[in-house]
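K.L.:
Pasting in a structure now, in structure tokens, and then I'll have a few things to ask.
There are 8 protein chains.
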Amino acid sequence: GYAKIDHHRSLRTGLPEVIYAAGKTPAQTAEIFSRMAATGVAVLATRATSETFEAVHTLTPEATYHPIARAITHGSALTTQGKIAVLSAGTSDLPVAEEAAVTAELFGVRVTRITDVGVAGVHRLLAHRDTLSNADAIIVCAGMEGALPSVVGGLVGVPVIAVPTSVGYGASFAGAAALLGMLNSCSPNVTVVNIDNGFGAAYTATLIAHAAHR
Amino acid sequence: GYAKIDHHRSLRTGLPEVIYAAGKTPAQTAEIFSRMAATGVAVLATRATSETFEAVHTLTPEATYHPIARAITHGSALTTQGKIAVLSAGTSDLPVAEEAAVTAELFGVRVTRITDVGVAGVHRLLAHRDTLSNADAIIVCAGMEGALPSVVGGLVGVPVIAVPTSVGYGASFAGAAALLGMLNSCSPNVTVVNIDNGFGAAYTATLIAHAAHR
Amino acid sequence: GYAKIDHHRSLRTGLPEVIYAAGKTPAQTAEIFSRMAATGVAVLATRATSETFEAVHTLTPEATYHPIARAITHGSALTTQGKIAVLSAGTSDLPVAEEAAVTAELFGVRVTRITDVGVAGVHRLLAHRDTLSNADAIIVCAGMEGALPSVVGGLVGVPVIAVPTSVGYGASFAGAAALLGMLNSCSPNVTVVNIDNGFGAAYTATLIAHAAHR
Amino acid sequence: GYAKIDHHRSLRTGLPEVIYAAGKTPAQTAEIFSRMAATGVAVLATRATSETFEAVHTLTPEATYHPIARAITHGSALTTQGKIAVLSAGTSDLPVAEEAAVTAELFGVRVTRITDVGVAGVHRLLAHRDTLSNADAIIVCAGMEGALPSVVGGLVGVPVIAVPTSVGYGASFAGAAALLGMLNSCSPNVTVVNIDNGFGAAYTATLIAHAAHR
Amino acid sequence: GYAKIDHHRSLRTGLPEVIYAAGKTPAQTAEIFSRMAATGVAVLATRATSETFEAVHTLTPEATYHPIARAITHGSALTTQGKIAVLSAGTSDLPVAEEAAVTAELFGVRVTRITDVGVAGVHRLLAHRDTLSNADAIIVCAGMEGALPSVVGGLVGVPVIAVPTSVGYGASFAGAAALLGMLNSCSPNVTVVNIDNGFGAAYTATLIAHAAHR
Amino acid sequence: GYAKIDHHRSLRTGLPEVIYAAGKTPAQTAEIFSRMAATGVAVLATRATSETFEAVHTLTPEATYHPIARAITHGSALTTQGKIAVLSAGTSDLPVAEEAAVTAELFGVRVTRITDVGVAGVHRLLAHRDTLSNADAIIVCAGMEGALPSVVGGLVGVPVIAVPTSVGYGASFAGAAALLGMLNSCSPNVTVVNIDNGFGAAYTATLIAHAAHR
Amino acid sequence: GYAKIDHHRSLRTGLPEVIYAAGKTPAQTAEIFSRMAATGVAVLATRATSETFEAVHTLTPEATYHPIARAITHGSALTTQGKIAVLSAGTSDLPVAEEAAVTAELFGVRVTRITDVGVAGVHRLLAHRDTLSNADAIIVCAGMEGALPSVVGGLVGVPVIAVPTSVGYGASFAGAAALLGMLNSCSPNVTVVNIDNGFGAAYTATLIAHAAHR
Amino acid sequence: GYAKIDHHRSLRTGLPEVIYAAGKTPAQTAEIFSRMAATGVAVLATRATSETFEAVHTLTPEATYHPIARAITHGSALTTQGKIAVLSAGTSDLPVAEEAAVTAELFGVRVTRITDVGVAGVHRLLAHRDTLSNADAIIVCAGMEGALPSVVGGLVGVPVIAVPTSVGYGASFAGAAALLGMLNSCSPNVTVVNIDNGFGAAYTATLIAHAAHR
Ligand SMILES: Nc1ncnc2c1ncn2[C@@H]1O[C@H](COP(=O)(O)O)[C@@H](O)[C@H]1O
Ligand SMILES: Nc1ncnc2c1ncn2[C@@H]1O[C@H](COP(=O)(O)O)[C@@H](O)[C@H]1O
Ligand SMILES: Nc1ncnc2c1ncn2[C@@H]1O[C@H](COP(=O)(O)O)[C@@H](O)[C@H]1O
Ligand SMILES: Nc1ncnc2c1ncn2[C@@H]1O[C@H](COP(=O)(O)O)[C@@H](O)[C@H]1O
Ligand SMILES: [Mg+2]
Ligand SMILES: [Mg+2]
Ligand SMILES: [Mg+2]
Ligand SMILES: [Mg+2]
Ligand SMILES: [Mg+2]
Ligand SMILES: [Mg+2]
Ligand SMILES: [Mg+2]
Ligand SMILES: [Mg+2]
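Protein sequence lines correspond, in order, to chains A, B, C, D, E, F, G and H. In terms of my numbering, the first sequence opens at residue 1159 and continues consecutively. In terms of my numbering, the second sequence opens at residue 1159 and continues consecutively. In terms of my numbering, the third sequence opens at residue 1159 and continues consecutively. In terms of my numbering, the fourth sequence opens at residue 1159 and continues consecutively. In terms of my numbering, the fifth sequence opens at residue 1159 and continues consecutively. In terms of my numbering, the sixth sequence opens at residue 1159 and continues consecutively. In terms of my numbering, the seventh sequence opens at residue 1159 and continues consecutively. In terms of my numbering, the eighth sequence opens at residue 1159 and continues consecutively.
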């Protein structure tokens, strides 16, 4: 077939390969999904439409759809170790934040969601200080000016993974403004992933949280 | 001569014309400066090197040099009305903040300077809440991710004029990252001027402060 | 729920929070709208389609739709103080200009609309000189080369808030050309907001006009 | 040698080839200049430093240096036909405007220079209406927001050739903002050349003026 | 109404105002079109869909639709003076070239169309040398690398107006590559208009051709 | 003074504040450095010229200069926990890699340096597989196409922090090409920091390594 | 007609002209296709929808549609000489890779396809080393970070033609990130074509392979 | 040491490794150069200043400096096979063209240099048609609009390797305009390398020419 599942990866990296459904037909995703489910590992498909879920569901009836995250999951991690916080600045950032949260949970990490804590009302964020201090890593999803990771980064002593989102209009340039803001963060504990890449942020946060509790 | 002083402007706009020294020789700046000083108005030259000041000083001995702001002033406004705050995120933003402060003072506004209150340590900013609440307008100078105006904007009910600075490196793209961040501010009371344009920010802040006390 | 209404904001800033409908389903907007209307404040939703209005109208029958502005309003400000002018360069800039005008009126400011006064026929603008001189602040909406705010700024002694619009094609790059032109304005009383952000311009203009008549 | 003078060009195009000195050593420019001067045509070298002029002067003692234009000329056109106006928005645009003016004069066109008529004081421009109406073509040099060509274009019925200049800072991006503004001009009689390309503007203006008086 | 027809323009500039239909509803365009047709001048609407034409046709039955050019015309110029050539590099550039040709014809200029003469087969262009030499001005429409104007410019002694088109994909960036190529043309008789702006090119070419035969 | 040392930071974040010398005079850096050294914490100044080191050395004789890293250090961490690998693709990436290595060592992490393992000779990298597998986190510094982090990321199960460097020319656009490549990495364990920001990469790598050995 | 078939081309260049269907109506493509098929040469249309194929099929029943490649072919090369490899990094790059493979096969080159060998699992690529060493030229199609050509280039001594694809999201900027990565390749045997231009890559690869076996 | 010479490369790729001197001190380059010269292979250092040559010359007295190409060579290829043409559009493109020519000659290819054949005088190019037809590959170096490769590509049936140069000003954006033009070439036999990368172009041209004569 067109897709060679990288079975070595989970040996090399400790986490299973994941299906990126955006570039595939529903049939292609469903077929790969069921092949992977058959091996017994936890399976994740990201950027999946409800149409894709229907195709997956036919071949793999126990699969679950997470509509806000646009993700399909099957099975679960063997153990759960560590905890992270997933923050979103505004309502429109929720799909990206949910992609991150669903990914981390499937990989075996406890997740606290904190929503609508944009920097224009900084008291809303400060109310969550305790939760932030107790996380092993923090994922911050924000569009527009992307300022939230810097403020969060200054409050804690753990890695902050910033996810710029494509939320905004005009000079947001589909997330580029938020991306640039995050790359220039004056908080040195901030690293950055691609625009809307909640999955990647969760992948790294999971590695950090697991290592902290090994 | 090459420069036509726009005497109409101060009639139309209430504030005198200002000399932008960057594109002029010291001799050109000095000659225009002394012609304007002779008319009795307060005179300001921005982006002036110490070499330019020497030329100005020879023709106009009472002129004053402000080295951090890189500005030359002469005379003063007839009255002082209203007060503004000028904030800077980091040490390197000071030249831009000082250009703003010197301009506003010459035009007849009281200025409170608040320095080194970047968003990576937000408690430093919150300590100045009272001063911020009492200003007629607030100028915020920040480079790198340019997040400070959004946080300030969420704390007050007055116009915040954001000045992106060219401070930073790499993906700051000489101030473009800060500029984009400020344009996408989620605080609706933020408007923006050109990168490093402390002068323009002070001009508008002065108009606002004067009108509020007329 | 997903949205935490920032009731502190109106205490801090004097103006109520506003609903940005673009990133929300009609049902979400309608629900937040009715919750806010119930508190008795004037309510505004921007970027609302007629479909969204129908959902809002069902829960809040007294709400009004402004189709050119794509805004929904309910109630009104307690008092009206000050006056602003809202200019648009061409017919296609009207939606942005109307978003600004409707916002300012709801917030309690008198608004004069001046349309189709682009710089290619500068005599059309000069005919409105008196109106311009009497405003507390001026909002100028223009796409393409975005030159109008500079010309207006040179005629008056009040703040000019420039709103670049996404009107144009080719090298207008969806408003980026107008935005850059406005940021580089040689009129020092010009500040700039995001492309198509009539709402933000009106917010700041309202603060200026109210302060001038307090 | 490294440079093949294109003698065909003046046959094909009616105007002699011109030396672009920026990419050449003083010795190279001087040698090409003297070879061309020997053929009897009018010779022009643009972007020439005073150091380059010294080398040229040694081989071609009758050559003239135009320091503001940074141009070297020798000889003159056989006849002078038509007239153009060369406008500059600010003092810093003069080098580009002078490159245009010196080029057109050498090619045989009468030139009226109009300086310091930026759009922030539009009455200064309107005072020159008669001169503008009588030109065969108009060259407009402006940096920053580059708004002047649109206003000029709306006043006249002749071609306006817009030259963006690299004057400005920050979001002027070395002339790119002015360039974009001019390309999006709402005056349909505006065409545009490269940033700082006074030479090219004069070349086309000369062709237009000559044709109008043939 | 929303649109103020600039009757002064045709007095100032010798050519009538033109309707840009892209930003207007069919009804708006039809109403302005019929108002202008009633004054007896030649009328042109550009960027008009067939749907817009139907609305225009209802109010102004004698109007003509030019489907490739996406233009609607009515009436004609009083006299025809001068001639231009309109070149297109490839088949996909035809809409832009036709917009230019239809505009110039309506304004009273004779037009020769030369199609499919891209630079990858330069002999096709050289075969048209005589036609090119006899034109008063040449319009060159090209997408992708936009190289054609430079080659044409080197063959003739008249102004070449380059129109970058949005034809291409990938790194053509919707015409930006062609635009940059044309602005950097090594042929000094090339000036440039906005991407896809056949209308503007024709406007200036008309002014040049008319002046050459006055 | 102009700089408010953020003593809270080390309480909040576990790591001391660091001096960014690029925007400061040698005297400013030296003064802040000695104030911080007096408090007994380990002190680091990044982007320090040898001239700055001389000023620091005068006030703080025990300070050490790291010329390739352009860093000044004083003291050391109380304990050393965990180990990281710092990779560089080519010789020119060494200054950035050394900034990272010196920072991590001062903060108390063991560092293995692996140099000159660019992807054009992938066998050089594969030879280091064991070292890579044993690190708690890996920092990868690369300019030009920035491909190394993706290859490394595919070999290991720990976080990879990618540092684009400004090494390259032409279309490297001073590190932007490498930055974009890293943001689009197909290895999900890659996060990214600003161009040339070895310091920030080391900060996050330190947090990860410390947490893994707590 | 609008399209002049360049019959000289195949004389000059040894390969027939090709139809780019993207900018043409199905009817236009079908008509040109049948005219070319009538001359007896192998015919290729790229970027053809199934709708276009239907139109072609009606006029030229023996034409074949390649749905993944979106290409239509007719006939075949007289002889087949040389062999190339066409690599794709991921499943979504297949349409571009197939456009390249179909083109080269029609032109008379043997093609080995190697799919799903992205750099995040470099062992998958190394398994194909023998095939790579035996090719006359290698085409590498990759989106996202575009790192694969550099790794391939370091393994072989033949030209590698890199095709960036528009696969990716966010900061991939529709293929621009991959394009920049490939242009900055540290493997000196890599040259680059436009984003998604599988056709152009195959054209050059064919010339190389044919010459190597002449 | 810091640099690991990749001796495998010449086994894998048939051509020796090359020293890129731009990122190295003269001493570093000299040391690597002499180490490589000692192994008996032909040695090349690119981007070498005369200061670097002095250091190289001290350790390797038989090394030769090519000042226009800014290259240092030592030894020669064992055999010379095939021939290429190296074209440059203008005088300022010579350093890049010479880097290409010197590289190919050292690698064992015959080189014909053709200079000053820019597209503004296309007859100059057509005069060289025979030479072009006889080359195994053609390298074309051009700045500004970068149109030359398209015209050359249309004249021949061999691979054309386009090298954009950083020659130009303003909207040439240091070679980006030429690069984009070349990537969008309508001649399908054109592939592209990085701005100013004469070395890379010669590397690939050498591989093609050698294979054609094996
Ligand atoms: N048209 C608009 N453009 C920019 N910001 C807006 C707009 N409308 C509302 N807002 C802002 O968006 C905030 C609400 O965002 P949200 O919580 O996502 O509904 C408000 O506080 C406003 O400041
Ligand atoms: N300032 C200038 N800007 C753009 N092009 C120029 C300039 N001066 C001369 N040229 C053009 O450069 C060509 C000569 O280039 P070169 O052969 O490199 O000296 C002339 O034919 C002119 O068309
Ligand atoms: N090389 C560096 N790159 C980015 N940030 C740095 C660097 N060195 C120090 N910093 C940060 O800069 C802050 C100090 O900035 P400042 O107050 O301007 O001295 C520290 O808290 C660090 O987080
Ligand atoms: N002028 C050049 N442009 C691009 N790459 C070059 C150049 N000169 C040498 N190289 C490449 O740089 C590699 C050596 O890089 P380094 O190890 O940093 O010396 C060689 O293998 C060449 O492929
Ligand atoms: Mg909210
Ligand atoms: Mg600080
Ligand atoms: Mg109008
Ligand atoms: Mg002036
Ligand atoms: Mg064709
Ligand atoms: Mg190396
Ligand atoms: Mg795969
Ligand atoms: Mg030349």
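Backbone N, C-alpha and C fix where the C-beta goes; we use that ideal spot for every residue, glycine too. Since we're looking at a predicted model, the values are computed, not measured.
Looking at Val1139(C): is its Cβ nearer than 7 angstroms to the Cβ of Leu1306(C)?
P.N.:
In the structure displayed, chain C extends from 1159 to 1372; residue 1139(C) sits before or after that span and is not available.
K.L.:
Measuring straight from C-alpha to C-alpha, what distance separates Thr1218(H) and Ala1188(H)?
P.N.:
Those two C-alpha atoms are separated by around 8 angstroms.
K.L.:
Along the chain, which unbroken stretches of the beta strand (DSSP E) at least 3 residues long are found entirely within the stretch 1307-1364 of chain G?
P.N.:
Here the runs fully enclosed are 1318-1322 and 1348-1350.
K.L.:
Would you mind sorting Gly1159(H) into buried or exposed? The rule is 16 or more other CB atoms within 10 Å of its CB.
P.N.:
Reliability fails at Gly1159(H), whose pLDDT of 48 lies under 50, so the model's placement of it is uncertain and the value that follows must be treated cautiously. Exposed, because fewer than 16 other Cβ atoms sit within 10 Å of the Cβ of Gly1159(H).
K.L.:
I need the DSSP call for Arg1271(F), collapsed to helix, strand or coil.
P.N.:
Strand at Arg1271(F).
K.L.:
Would you list the one or two residues that DSSP bridges to Leu1202(D)?
P.N.:
Paired residue(s): Thr1231(D).
K.L.:
List, in chain order, every chain C residue whose beta-carbon is nearer than 9 angstroms to that of Tyr1327(A).
P.N.:
By Cβ distance, chain C contributes Ala1180, Arg1205, Ser1324, Asn1352, Ile1353, Asp1354 and Asn1355.
K.L.:
With a cut-off of 7 angstroms, does the C-beta of Gly1333(G) fall near any C-beta of chain E?
P.N.:
Yes, its Cβ sits closer than 7 angstroms to a Cβ of chain E.
K.L.:
Bridge partners of Leu1245(A), per DSSP?
P.N.:
Its beta-bridge partners are Ile1272(A) and Val1298(A).
K.L.:
Output yes if chain H places a C-beta closer than 7 angstroms to the C-beta of Thr1362(G); else output no.
P.N.:
Answer yes: the Cβ-Cβ gap between Thr1362(G) and chain H drops below 7 angstroms somewhere.
K.L.:
Which bits of chain C does Leu1337(E) rub up against, with CB to CB less than 8 angstroms?
P.N.:
The answer, in chain order, is Gly1328 and Ala1329.
K.L.:
Using only alpha-carbon positions, find the residue among Ser1324(G), Ser1234(G), Ile1226(G) and Glu1257(G) that is nearest to Ala1195(G).
P.N.:
Of the candidates Ser1324(G), Ser1234(G), Ile1226(G) and Glu1257(G), the one whose C-alpha sits nearest the C-alpha of Ala1195(G) is Ser1234(G).
K.L.:
Name the chain F residues whose beta carbon is nearer than 8 angstroms to that of Asp1288(A)?
P.N.:
Simply none; closest approach about 13 angstroms.
K.L.:
From Ala1402(H) to His1371(G), what does the alpha carbon distance come to, in whole angstroms?
P.N.:
The structure shown has nothing for residue 1402(H), since chain H only spans 1159 to 1372.
K.L.:
Closest by CA to Ser1345(D), which one among Ala1329(D), Pro1317(D), Glu1256(D) and Ala1334(D)?
P.N.:
Minimum Cα distance to Ser1345(D) is reached at Pro1317(D).
K.L.:
Would you verify that the beta carbon of Leu1264(H) is, or is not, closer than 7 angstroms to some beta carbon of chain E?
P.N.:
No, Leu1264(H) lies away from the interface with chain E (no Cβ there is under 7 angstroms from its Cβ).
K.L.:
In three-state terms, what does DSSP make of His1224(C)?
P.N.:
In this structure, His1224(C) counts as strand in the three-state DSSP scheme.
K.L.:
Could you name the residues of chain A that Leu1365(F) contacts, counting a contact when the two beta carbons are closer than 8 angstroms?
P.N.:
By Cβ distance, chain A contributes Gly1315, Val1316, Pro1317 and Asn1347.
K.L.:
Determine the chain H residues that contact Tyr1341(E) at a beta-carbon separation under 7 angstroms, and present them in chain order.
P.N.:
The question names Tyr, yet the displayed sequence has Leu at residue 1341(E). The contacting residues are Ala1329.
K.L.:
Would you mind telling me which residues of chain E sit closer than 7 angstroms to Asp1294(D), beta carbon to beta carbon, in chain order?
P.N.:
Going along chain E in sequence order, the residues near Asp1294(D) (Cβ under 7 angstroms) are Ala1369.
K.L.:
Work out the CA separation of Ala1334(H) and Ala1259(B) for me, nearest whole Å.
P.N.:
Their Cα atoms are separated by approximately 40 angstroms.
K.L.:
Between the stretch 1231-1247 of chain C and the stretch 1261-1277 of chain C, do three or more beta carbon pairs fall short of 8 angstroms?
P.N.:
Segments in contact, yes.
K.L.:
Under the rule that 16 or more other beta-carbon atoms within 10 Å means buried, what is His1232(D), buried or exposed?
P.N.:
Buried is the call here.
K.L.:
Where Phe1331(A) and Val1277(B) are concerned, what is the direct C-alpha to C-alpha distance, given to the nearest angstrom?
P.N.:
Each residue's Cα considered, the two are about 23 angstroms apart.
K.L.:
Less than 8 angstroms between the CB atoms is what I'm expecting for Ile1226(G) and Pro1253(G), so what's the real figure, rounded?
P.N.:
Yes, they are in contact, since the Cβ atoms of Ile1226(G) and Pro1253(G) sit about 6 angstroms apart, within 8 angstroms.
K.L.:
Thr1222(E) to Tyr1361(E), Cα distance in whole Å?
P.N.:
Roughly 20 angstroms between the two C-alpha positions.
K.L.:
Is the separation between the beta-carbon of Ala1329(G) and that of Val1350(G) shorter than 7 angstroms?
P.N.:
Cβ atoms of Ala1329(G) and Val1350(G): not closer than 7 angstroms.
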